Amino acid sequence: MRSRRAVRILGGVVALACLAGCASVPSGGRVVSGRSAERAEPIAEPYVRLVPVRPRHNWTPDDIVKGFLTAAAGFNNDHEVAREYLTPTANASWRPGPRPEVIVTESAPSLSQQNGGTLVQVAATRLGHIASDGQYTAQSGTTYVTSFGLVRDANAQWRINRVPTELQRGLLLSGSDVDRAFRVLNLYFFEPDGNVLVPNGISLPLVNRQELPRQLVQALLAGPTTWLKPAVRSFFPAGTRLRGISISEGIATVDLSSEAHLGGEERMAAQLTWTLQRLPEVRQVKMQIDGDTIDPGGLGQIQSAEEWERFNSDTSRGRTEEIAYLRGADGRPHQLLDNDAIATGTKGDDHLYRPALSSDRLIAGLDSAGDTVLSGDLLGGVPVRPVLEAQHPDGRLTPPSWDHRGALWTVESFRTGSTLWVRPEGRQPIRVARWELSGHEVLALRVARDGVRVAVIVKIGGSRQLRLGRIVRSAGGVIEVGRFLPISSELVDAVDLAWSDSSALAVLGRTKATATQVTPYSVPVSGGSITPIGSGILGEAKSITAAPNSRIIIGAENNGKNSICRQSNLREWRFGEWNCDPLGSDPTYWG
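Numbering-wise, full-length UniProt numbering puts 17 at position 17 of the sequence shown, and it's gapless, one number per residue.
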């Protein structure tokens, strides 16, 4: 297994052999991260509840450690069965808690006895890490090695008397165990201005499916993950507690403590509604404070996510597919139609390569040398002109990216590193001083529509790797872009990327170093399993663009000619055949 794959285990699950440490029983429905409906995994499949197996008589030290590790994936009664594998002293010191840290491995670890059985070494290949706040970080390829200490108890049975230090507050689970015991869900917070919702994907342990709504709200009130916290804000005042939650006929009634009176009612309701509406049993939300029902914004006492659509960064114009553009054969921007492309009327003598559109129809792109960003009005009001030039003699710029504020972003890479540039709307370009990747070459950068998160392809150790970072803005206007996390252990190489929606990227990449051509993949930014996009022959894929509720479009080269490749049906994005037409190159939506 190369990722935290979503399990699809149906009703009749056969109990595992006793040495596996638990049996699996389907119970309730499972949920996944809140992506757009077309790209979301099923959220109502039965999930697998672990029924841990207690230690058996005369088990060997290897059996005991293996049984403990597997039984630890069962969260019932504070890992009650897993604790039977421990001595009283080890039991007292092992405190994983309701939100444990987890070292995630590709598969079950290998075990070897040492010192006559009093020491069992555990070795496995790391897949990733789940922090106590639910943040997942991919960690591909490294080896994890640790040791458990064992003694015989009064009945001459082996028990663990020493749990490794790094597991005193956590668990060691295989990817398949994590798939069974955890669910990836989005909490929703606001960008600093309070105008756009930002999803924060977390991994939550499933103790009881009926308790999941309560777990979600409690996680929301606890705030964003440590990674995202400096970049977003929550409108729930500190100290706000959940007094109770009930669900009846699709309406979730959430009762908050009196501290919530000091918060912004509309935005608290938006955060609650968007967080809970990913659960199949929740269609609407009623917010209460100290038992009194609130009418936020005069919209009524019961709201659905549609009431707060104005905060959704994934909203497309008219809720239809967004308009795509491309670089035509004449080098100028063209609007992409069903079977044709028409010129837009953009003025200026310079041709644009790898164009990008802002939400208010400004266009930007690179010159033929790749060392100058050009920008102007898509429809010809303001001629295209240079707005940023590389400052290093060997500097080359990434294709530009717009955020929802109208700011234009690009990275200048050179022999010894890179510089991040941002051009705020109506102002001159600014060099971002606090740029974490300054020592690396960056090949692509795309800012999410929320303006808070940024995805890059960066050269690290000779390979092109996918990373997710955050944009932090101080009260004084200082911008810091950093804390880049690996989000996929499956991709070994990446060429281009775009945001499909607020929860997933469309990426051209490879899962094997020996692959001769790149393949388009959907990559959840929460760290979930990647999914190939489409079928059929693409030719040599060069670039990719995507947008919420819109078809992914690829710029490819077929028999020496530039082609635009699309699928005929948005809803069949996983298996739909690619259709390529020689209409131009460098397709783009806004962003």
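Backbone N, C-alpha and C define an ideal beta-carbon position, used for all residues, glycine too. Please read all numbers here as calculations on a predicted model, not as lab measurements.
Distance between beta carbons of Arg470 and Ala222, contact taken as under 8 Å: So it is not a contact: roughly 18 Å between Cβ atoms.
Beta carbon of Leu357 nearer than 9 Å to that of Trp402: yes
Under 9 Å between C-beta atoms of Ala444 and Thr398: yes
Assigned secondary structure, Thr588 (DSSP; H/G/I helix, E/B strand, else coil): strand
Neighbourhood of Ser203 by C-beta distance below 6 Å, restricted to the same chain and skipping five residues each side: Ile130, Gly134, Tyr136, Phe182 and Val184
Beta strand (DSSP E) segment containing Val442, residue limits: Val442 to Val447
Sub-9 Å separation of Gln271 and Tyr188 beta-carbons: yes
Where Lys286 falls: helix, strand or coil (DSSP): strand
Anticipated Cβ contact below 8 Å, Ile552 with Ile533, distance rounded: 6 Å
Simplified DSSP state of Leu262, which is helix, strand or coil: helix
Rounded straight-line distance, which links the Cα of Arg99 to that of Thr60: 30 Å
Closest by C-alpha distance to Leu150, when choosing among Ile457, Val65, Gly345 and Val387: Val65
Nearest-angstrom Cβ-Cβ length linking Val198 and Asp450, presumed shorter than 8 Å: 5 Å
Distance between Ile363 and Ser176 (C-alpha atoms, nearest Å): 45 Å
Nearest to Ile289 (by Cα), restricted to the options Gly509, Asp193 and Gln301: Gln301
Span separating the alpha-carbon of Ala23 from that of Pro96: In this prediction, Ala23 scores a pLDDT of 46, lower than 50, which makes its location untrustworthy; no coordinate-derived value is stated.
C-alpha gap between Gly291 and Thr253, whole angstroms: 10 Å
The stretch 508–524 / the stretch 480–494 touching (three or more Cβ pairs under 8 Å): yes
C-beta atoms of Ala90 and Arg159 nearer than 9 Å: yes
Cβ of Asp394 within 9 Å of any chain B Cβ: The structure shown has no chain B; it contains just one protein chain.
Reduced DSSP category for Gly560 - H, G, I as helix; E, B as strand; rest coil: coil
Residue interval of the beta strand (DSSP E) (run including Val422): Gly417 to Arg423
Per-residue burial, Val102 [other beta carbons within 10 Å of its own, 16 or more giving buried]: buried
Backbone CA spacing between Ile530 and Ile247 [nearest angstrom]: 33 Å
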